[in-house]
Amino acid sequence: AQSVTQLGSHVSVSEGALVLLRCNYSSSVPPYLFWYVQYPNQGLQLLLKYTTGATLVKGINGFEAEFKKSETSFHLTKPSAHMSDAAEYFCAVSDPFMNTGFQKLVFGTGTRLLVSP
Amino acid sequence: DVKVTQSSRYLVKRTGEKVFLECVQDMDHENMFWYRQDPGLGLRLIYFSYDVKMKEKGDIPEGYSVSREKKERFSLILESASTNQTSMYLCASSLSRTGLAGVSDTQYFGPGTRLTVL
Numbered sequence: 077a078q079s080v081t082q083l084g085s086h087v088s089v090s091e092g093a094l095v096l097l098r099c100n101y102s103s104s105v106p107p108y109l110f111w112y113v114q115y116p117n118q119g120l121q122l123l124l125k126y127t128t129g130a131t132l133v134k135g136i137n138g139f140e141a142e143f144k145k146s147e148t149s150f151h152l153t154k155p156s157a158h159m160s161d162a163a164e165y166f167c168a169v170s171d172p173f174m175n176t177g178f179q180k181l182v183f184g185t186g187t188r189l190l191v192s193p
Numbered sequence: 013d014v015k016v017t018q019s020s021r022y023l024v025k026r027t028g029e030k031v032f033l034e035c036v037q038d039m040d041h042e043n044m045f046w047y048r049q050d051p052g053l054g055l056r057l058i059y060f061s062y063d064v065k066m067k068e069k070g071d072i073p074e075g076y077s078v079s080r081e082k083k084e085r086f087s088l089i090l091e092s093a094s095t096n097q098t099s100m101y102l103c104a105s106s107l108s109r110t111g112l113a114g115v116s117d118t119q120y121f122g123p124g125t126r127l128t129v130l
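Structure (C-alpha cells):
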C-alpha cells in the first residue's frame with residue numbers, strides 16, 4: 077500500500093518569500109499525485125495534480141509541483157508567498173483499492189503554512 | 013459550479029446516540045466518499061460508494077455504516093456514537109468509477125461536519 081510523507085507539520089514564511097512544501101511517496105510505480113489546500117473552516121480544494129506527461133505541473137494561485145520519479149517526490153512550490161496562502165496543504169497519492177479494481181487516495185498528514193507580514 | 017453540501021457544520025451528540033451525517037452532490041458524480049480528519053493524522057477513508065446501493069469499506073470502517081439510496085446522496089451512520097468518534101467528517105465526490113480514469117478524477121469536498129460526542 078502507498079504511504080505519503082509530508083515533512084514538517086508547520087512551515088513559516090514571510091510574505092514574498094519562497095514557499096516549499098515537501099511530499100514523498102512510497103511506491104516505485106509512478107502513481108497519480110495531488111495537492112489539496114484547506115482554508116480555515118472549509119473543505120479541501122484541489123491545487124494541482126499529476127497524472128502523466130510533463131513532470132512540472134502548474135496549479136491555481138501560482139503554485140506548482142514537480143514530479144521526480146528518482147526521488148519519489150512531489151514537492152509544492154510558490155515563488156512568492158501571499159498572506160492569503162495561509163492554510164493547510166495535503167499531498168495525496170493514488171493507491172489500488174483492495175480487490176475492487178478501483179483506486180483510492182492516500183493523504184499525507186498535512187502541512188500548515190503560516191505567512192507573516 | 014461544483015457543489016458538495018453536508019447537512020450540518022457542527023453537531024454535538026451524546027455517547028450511544030445514533031448519528032446521521034448527510035452529504036449531497038449536484039454534479040451527477042458516480043463516486044462518493046466519507047473521510048474523517050484528525051490533527052496529525054490527515055484524512056482517512058471510512059467508506060466509499062461507486063454507484064447507488066454499492067459501497068466499499070475504507071481504511072477505518074469500524075463503528076460506521078453508510079447508505080446510498082440515490083446517486084446524489086451519501087449518508088454516514090454512527091450506530092452508537094462514542095467519544096473516540098469526535099472528529100471532522102468530510103464528504104467528497106468524483107466523476108468516474110472506471111479504474112484508472114477514475115483515479116485521476118478530482119475529488120470535490122464538502123465543507124465538513126465537526127462532530128463532538130460527549
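Residue numbers (the working numbering), protein chains in the order written: chain F, 77 to 193; chain B, 13 to 130. Just so you know, even glycine gets a beta-carbon here, dropped at the ideal spot from N, CA and C.
What's the C-alpha gap between residue 165 (chain F) and residue 99 (chain F)? 10 Å
Apart from the five residues just before and just after residue 107 (chain F), which ones in its own chain have a Cβ nearer than 6 Å to its Cβ? 169, 170
Nearest to residue 54 (chain B) by CA position, among F:118, F:87, F:82, is which residue? F:82
Residues of its chain near residue 15 (chain B), where Cβ-Cβ distance is below 6 Å and the 5 sequence neighbours each way are ignored: Result list for residue 15 (chain B): 38, in chain order.
Cutting at 7 Å between CB atoms, please list the residues of its own chain near residue 102 (chain B), excluding the five before and the five after it. Closer than 7 Å at the Cβ level, and outside the excluded window around residue 102 (chain B), lie 47, 49, 55, 121, 122, 124.
Give me the Cβ distance between residue 187 (chain F) and residue 120 (chain F), rounded to the nearest whole Å; I'm assuming they're in contact under 8 Å. Actually they do not touch by this definition, with Cβ atoms about 13 Å apart.
Expressed to the nearest angstrom, what Euclidean distance is found between the alpha-carbon atoms of residue 133 (chain F) and residue 93 (chain F)? 20 Å
Our contact map puts residue 32 (chain B) next to residue 87 (chain B) with C-beta atoms below 8 Å; I'd like the distance itself, whole angstroms only. 6 Å
Note down, in chain order, each residue of its chain lying with its Cβ closer than 6 Å to the Cβ of residue 88 (chain F), except the 5 sequence neighbours on either side. In its chain, beyond the 5 residues on either side, 190 have a beta carbon closer than 6 Å to the beta carbon of residue 88 (chain F).
Neighbour-count burial assignment, residue 198 (chain B), 16 or more Cβ in a 10 Å radius: Only positions 13 to 130 of chain B appear in the structure, and residue 198 (chain B) is not among them; the question remains open.
Listing by chain order, which chain B residues have their CB less than 9 Å from the CB of residue 119 (chain F)? 16, 18, 102, 103, 104, 120, 121, 122, 123, 124
Could one say the Cβ of residue 190 (chain F) lies closer than 9 Å to chain B's Cβ atoms, at least one of them? False, the Cβ-Cβ gap to chain B never drops below 9 Å.
Proximal residues of chain B, C-beta to C-beta of residue 186 (chain F) below 7 Å: 54
Residue 127 (chain F) by DSSP, collapsed to three states: which one? Secondary structure at residue 127 (chain F): coil, using DSSP grouped into helix, strand and coil.
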